[in-house]
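Participant:
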Amino acid sequence: MLRNIEQSQAIRVEFLVDREGFVREPQIQTDIEDAELHQAVIKAIAQFRFAPRFIDGSFVESPNQYFVF
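What follows is the structure, given as structure tokens:
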């Protein structure tokens, strides 16, 4: 289980926020050897929702966003 991880480390995930505020194309930028942790991070970030960017009266995608766990 993930609670047994001995060392803590920051995990950076980069992604795109689409026009509806959903996370798309998440990519972990930190080396993670634990496959279970990798899957858990991707699953968690996929559940996030953000306020979409609004330009000239329209919602637009926001590439190159990131979150650090």
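Heads up: the sequence shown runs through residues 4 to 72, numbered per the working numbering.
Don't be surprised by glycine CBs; every beta carbon is placed ideally from N, CA and C.
(1) Between which two residues does the alpha helix (DSSP H) holding isoleucine 48 run?
(2) Whose C-alpha, out of Phe70, Val71, Arg56, Gln68, is nearest the C-alpha of glutamate 23?
(3) Please check the pair threonine 33 and glutamine 12, which I expect to be a contact at CB under 8 Å, by giving their CB distance rounded to whole angstroms.
(4) Straight-line CA distance for alanine 54 to isoleucine 48?
(5) Suppose you measure from the CA of glutamate 39 to the CA of aspartate 59; what does that come to, to the nearest Å?
(6) Report buried or exposed for valine 63, applying the criterion of at least 16 other Cβ atoms within 10 angstroms of its Cβ.
Facilitator: Result, derived from the coordinates:
(1) 38-49
(2) Arg56
(3) At roughly 7 Å, the Cβ-Cβ gap stays under 8 Å, so threonine 33 and glutamine 12 are in contact.
(4) When rounded, the distance between both Cα atoms is 15 Å.
(5) 42 Å
(6) Under this definition valine 63 is an exposed residue.
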